[in-house]
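Trainee: Below are the structure tokens for one structure; questions will follow.
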Amino acid sequence: MRRAKGLFEQIIVRDNLLLAFHRAARGRRHQPAVQAFAVNLECHLNAMLTGLERGEFAVGRFHQFLIRDPKQRVITAPEFSERVMHHAVMNVLEPILDRWLIADTYACRRGLGRERAVARAQQFTASGEWFLKLDVRKYFDSICHDRLLYFLGRKLADVQLLQLLEQIIKGFRGNLGEGLPIGSLTSQHFANFYLGWLDRYVKEVLRARRYVRYMDDMVVWHHERAELHAMHLRIREFTATQLGLELKPAAVTGVSCGVPFLGCKVYPTHTILNRKSRVRWQRQLKMLLRAYRLGLIPEIELQQRLESLTAFAKSAGARSWQFRQRVLERLVVNDH
């Protein structure tokens with residue numbers, strides 16, 4: 001009888017590495033690093049395979065840049081070969097981690113995402129009277145490497161894989177022992193997984209029926225204000241003692257005031273983009289169209305980014321959709 005392949009062995013299969021290359025190159029085919037990798041594809045894939053098998057694949061090679069979206073963030077982008085390796089890892093791990101997550105966490109999951117999270121929040125807002133909005137202070141910078149590796153070890157019984165994950169995780173700020181880089185595929189999934197333990201606590205121990213999380217943005221709804229105050233204290237204690245994280249100040253508020261969630265204001269009867277999101281959306285659209293007219297981005301990238309911007313506005317409901325239409329009409333008129 002043929003032995004079933006372990007998780008690490010599944011990662012280093014050549015077909016998986018080839019799939020990882022195509023996923024890592026999506027939308028980036030015009031970049032010099034991607035083109036250079038593609039020209040000698042077989043050579044690069046074989047070198048990656050050998051390096052991974054021997055535990056000698058170099059990690060922690062990246063470049064950093066600032067964005068303001070809307071607040072300032074440092075993006076840490078891995079070199080392309082490491083990006084391919086991250087995709088190879090997540091091709092195998094993503095389904096495993098996804099099965100463990102609760103239904104009402106929406107970041108980094110196929111078929112879910114921001115639009116579905118806002119829709120679920122609107123459903124809970126229509127059926128609750130009070131809400132508690134929570135988020136984590138400097139979330140990505142605060143994730144403890146050793147705790148994350150411990151949690152991963154509880155779900156993944158593969159020594160070689162865990163050694164590779166330790167290299168990836170500690171390849172960024174390993175001297176500090178905490179922090180995941182914003183801009184890395186593995187970081188997104190690991191950060192989502194890390195707060196999955198809080199999800200379990202809220203749902204299984206605190207028995208919260210109405211709860212939604214999108215990365216480190218969380219909302220709990222309840223009919224009793226005092227119950228939410230009690231949950232807040234216990235959630236704050238859990239995140240501090242079990243996860244080593246600090247929550248930002250929060251308060252229990254009535255749903256009639258609107259629930260601030262993912263750039264929206266969610267009311268019992270409708271949802272709209274908040275003011276900051278409307279200004280940001282309009283500014284991004286103008287900059288994107290200007291970049292295309294100047295030849296700074298190709299048409300395929302314009303289409304992809306327009307789809308993303310459209311989905312952002314559409315998820316907020318009819319009123320924000322009408323706002324989007326008015327802005328587009330003004331831009332078309334001005335362009336002519």
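Under my numbering, the sequence shown has 108 at position 108, and the numbering climbs by one with no breaks.
Built from N, CA and C at the ideal position, the CB exists for glycine as well.
For clarity, every value in this text was computed on a predicted model and none was experimentally measured.
(1) Rounded C-beta distance between leucine 180 and phenylalanine 190? I'm assuming under 8 Å.
(2) Since histidine 22 is in the alpha helix (DSSP H), which residue starts that stretch and which ends it?
(3) To the nearest angstrom, how far is the alpha carbon of valine 333 from that of valine 118?
(4) Answer with yes or no whether the minimum CB distance from valine 252 to chain D is below 7 Å.
(5) With burial defined as no fewer than 16 other Cβ atoms inside 10 Å of the residue's Cβ, what is the status of tyrosine 340: buried or exposed?
(6) I need the DSSP call for aspartate 217, collapsed to helix, strand or coil.
(7) Please report the Cβ distance between cysteine 108 and asparagine 192, rounded to the nearest whole angstrom; I am assuming they are in contact, meaning their Cβ atoms lie under 8 Å.
(8) In whole angstroms, what is the alpha-carbon distance linking glycine 258 and glutamate 129?
(9) According to the Cβ coordinates, are valine 252 and leucine 132 closer than 7 Å?
(10) Out of Glu178, Ile182, Met231, which has the shortest C-alpha to C-alpha gap to leucine 198?
(11) According to the Cβ coordinates, are phenylalanine 62 and alanine 33 closer than 7 Å?
(12) For glutamine 188 and threonine 271, what's the separation of their Cα atoms in angstroms?
(13) Under 7 Å between the Cβ atoms of serine 142 and leucine 245?
(14) Starting from the Cα of leucine 342, find the closest Cα among His44, Pro298, Val13, Glu56 and give me that residue.
(15) Please return the same chain residues whose Cβ sits closer than 7 Å to the Cβ of glutamate 166, not counting the five positions on each side in sequence.
(16) Note down the Cα distance separating proline 260 from valine 74, rounded to an integer number of angstroms.
(17) How many angstroms separate the CA atom of arginine 137 from the CA atom of alanine 58?
(18) Give the secondary structure of glycine 196 by DSSP, where H, G and I count as helix, E and B as strand, and everything else as coil.
(19) Of the residues Glu237, Arg207, Met85, which one's Cα is nearest the Cα of glutamate 227?
(20) Would you check if the distance between the CB atom of alanine 88 and the CB atom of alanine 36 is smaller than 7 Å?
(21) Closer than 6 Å by C-beta to valine 266: which residues in its own chain qualify, once you throw out the five before and the five after it? Chain order, please.
(22) Within 10 angstroms of its Cβ, does isoleucine 12 collect 16 or more other Cβ (buried), or is it exposed?
(23) Is isoleucine 102 buried or exposed, if buried means 16 or more other CB atoms sit within 10 Å of its CB?
(24) I need the boundaries of the beta strand (DSSP E) containing proline 78, first residue and last residue.
(25) Considering just the uninterrupted stretch of the beta strand (DSSP E) at proline 260, what are its terminal residues?
(26) Among Val212, Pro298, Leu273, Leu302, which one has its Cα closest to the Cα of glycine 263?
(27) Specify, as a first and last residue, the run of the beta strand (DSSP E) that leucine 243 falls within.
(28) Give me the residue from Met90, His44, Arg154, Tyr214 with the minimum Cα distance to glutamate 115.
(29) Out of Tyr194, Gly113, Arg290, which has the shortest C-alpha to C-alpha gap to phenylalanine 238?
Mentor: So, from the data block:
(1) Contact holds; Cβ gap of about 6 Å.
(2) Counting along the chain, the alpha helix (DSSP H) containing histidine 22 begins and ends at 14 to 25.
(3) Low local confidence applies: a pLDDT of 41 at valine 333 is under 50, so the model's placement there is unreliable, and no value is given.
(4) Note that chain D does not occur in the displayed structure, where there is just one protein chain.
(5) Residue 340 lies beyond the residue range present for the chain, which begins at 1 and ends at 336; the question has no answer from this structure.
(6) Strand, per DSSP.
(7) The pair is a contact, with the Cβ atoms about 5 Å apart (cut-off 8 Å).
(8) Their backbone Cα atoms lie some 11 Å apart in a straight line.
(9) Leucine 132 is positioned such that its CB atom lies closer than 7 Å to that of valine 252.
(10) Among Glu178, Ile182, Met231, the Cα nearest to that of leucine 198 is on Met231.
(11) Not in contact: phenylalanine 62 and alanine 33 (Cβ atoms no closer than 7 Å).
(12) Within the model, the alpha-carbon separation for glutamine 188 versus threonine 271 is close to 27 Å.
(13) Taking 7 Å as the cut-off, the Cβ atoms of serine 142 and leucine 245 count as close.
(14) There is no way to answer for residue 342, as the model of the chain reaches only from 1 to 336.
(15) Shown here for glutamate 166: same chain residues with a beta carbon closer than 7 Å to its own, the five before and five after excluded, namely Leu149 in chain order.
(16) Cα to Cα, proline 260 sits roughly 24 Å from valine 74.
(17) For arginine 137 and alanine 58, the distance between alpha carbons rounds to 31 Å.
(18) Reduced to three states, the DSSP call for glycine 196 is helix.
(19) It is Arg207.
(20) With contacts defined by Cβ atoms closer than 7 Å, alanine 88 and alanine 36 do not form a contacting pair.
(21) Cβ neighbours of valine 266 beyond the five flanking positions: Ala121, Gln122, Thr125, Val259.
(22) Counting other Cβ atoms within 10 Å of its Cβ, isoleucine 12 reaches 16 or more and is therefore classed as buried.
(23) Exposed is the label assigned to isoleucine 102, since fewer than 16 other Cβ atoms lie within 10 Å of its Cβ.
(24) 72 to 78 is the extent of the beta strand (DSSP E) around proline 78.
(25) Counting along the chain, the beta strand (DSSP E) containing proline 260 begins and ends at 259 to 261.
(26) Of Val212, Pro298, Leu273, Leu302, the smallest CA-CA separation from glycine 263 is found for Leu273.
(27) For leucine 243, no beta strand (DSSP E) segment is defined, and its DSSP state is neither H nor E.
(28) It is Tyr214 whose Cα lies nearest to the Cα of glutamate 115.
(29) Minimum Cα distance to phenylalanine 238 is reached at Tyr194.
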